[in-house]
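In my numbering, the protein residues as written are 8 to 175. Below is one structure, written out as structure tokens, with a few remarks after it.
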Amino acid sequence: DFRDIYLSANCYFWITVGSGIDASSYVFQKPVLNTNRTPVGFLMANRFSLSIIKHYFDIKNNKRLSFDEIYKRSLNLNLTANMLKNNEIELIENTSEEILNATKEFYDCLQGKFDYENERNILNNQIKNTIKYDEKDFLDINDKPIKNFKNYPNFSYSFLIKNKYLLK
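Encoded structure:
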């Protein structure tokens, strides 16, 4: 247990899928790369974060869903196995290449060597206008909104460019 907290406090950055222990990254204000995240509406991220999500695949129509389609079909919050089954949606894990590219991008950002920050910000603003990240969706243990909660979900530029269908 001590090592978990020690590593959390002293690491350079986190790579996580959203397990419980990664909450300590927020306590120690460590940069976080989120991979294989879902549901997309509950993507909690601090201002030092970057994310890539699982792909939402529509089995019936044989296609991957865009952020807009995910939102319109109410698959952005409270995603359960029954919802996936009823909507004929399969979640596809990130590839090792997607994770590697996002990790390289994240490292370059932390080193101040990322060249596409403005372009990434434009794409992320487009996503934020589609997926309404509302602090009232993030609840404490008493099911009350977390006061002064600030969410900064930013998606990897390399991930968005490689998966342009997400932005349609």
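Even glycine gets a Cβ: it sits at the ideal position worked out from N, Cα and C. From a predicted model like this one, the values you see are computed outputs, not experimental measurements.
Roughly how many whole angstroms lie between the Cα atoms of residue i and residue j?
i, j, result
"ASN128", "PRO160", "11 angstroms"
"LEU130", "ILE12", "34 angstroms"
"PHE64", "ASN94", "10 angstroms"
"ARG10", "SER26", "16 angstroms"
"ASP8", "TRP21", "17 angstroms"
"CYS18", "SER32", "9 angstroms"
"GLY119", "THR137", "29 angstroms"
"LYS92", "LEU72", "15 angstroms"
"LEU167", "HIS62", "12 angstroms"
"CYS116", "THR87", "34 angstroms"
"ASN69", "SER58", "25 angstroms"
"ILE99", "PHE35", "31 angstroms"
"GLU97", "ASP29", "26 angstroms"
"TYR114", "ASP75", "29 angstroms"
"SER15", "TYR172", "35 angstroms"
"SER81", "ILE66", "17 angstroms"
"ALA83", "GLU104", "Sequence inspection shows Asn at residue 83; the Ala mentioned does not correspond to that position. Cα to Cα, ASN83 sits roughly 25 angstroms from GLU104."
"TYR78", "LYS135", "11 angstroms"
What are the boundary residues of the alpha helix (DSSP H) that includes residue i?
i, result
"ASP11", "9 to 17"
"SER165", "164 to 169"
Assign residue i to one of three DSSP states: helix, strand, or coil.
i, result
"PHE20", "coil"
In chain order, what residues of the same chain have a beta carbon less than 8 angstroms from the beta carbon of residue i, not counting five sequence neighbours either side?
i, result
"SER56", "PRO38, VAL39, LEU40, ASN41, TYR159, PRO160 and ASN161"
"VAL24", "ASN41, THR42, ASN43 and ARG44"
"ASN85", "PRO46"
Please list, in chain order, all residues of the same chain as residue i whose beta carbon is under 7 angstroms from its beta carbon, the five residues on each side excluded.
i, result
"GLN133", "LEU174"
"SER165", "ASN108, ALA109 and GLU112"
"GLU126", "TYR164"
Quick one: residues in its chain with C-beta nearer than 6 angstroms to the C-beta of residue i, no 5 flanking neighbours on either side, listed in chain order?
i, result
"PHE169", "Correcting the residue identity first, residue 169 is Lys in this sequence and not Phe. Hits under 6 angstroms: none found."
"ASP122", "none"
"ILE106", "THR42"
"SER163", "LEU57, ILE59, ALA109 and GLU112"
- Task: Please list the segments of the beta strand (DSSP E) lying wholly inside the segment 76 to 143, counting only runs of 3 or more residues, in order along the chain.
- Result: 96 to 99
- Item | 3 or more residues per run - each beta strand (DSSP E) lying fully within the segment 22 to 79 | Taking only runs of at least 3 residues, the beta strand (DSSP E) segments lying wholly in the segment 22 to 79 are 39 to 44, 56 to 60 and 62 to 65.
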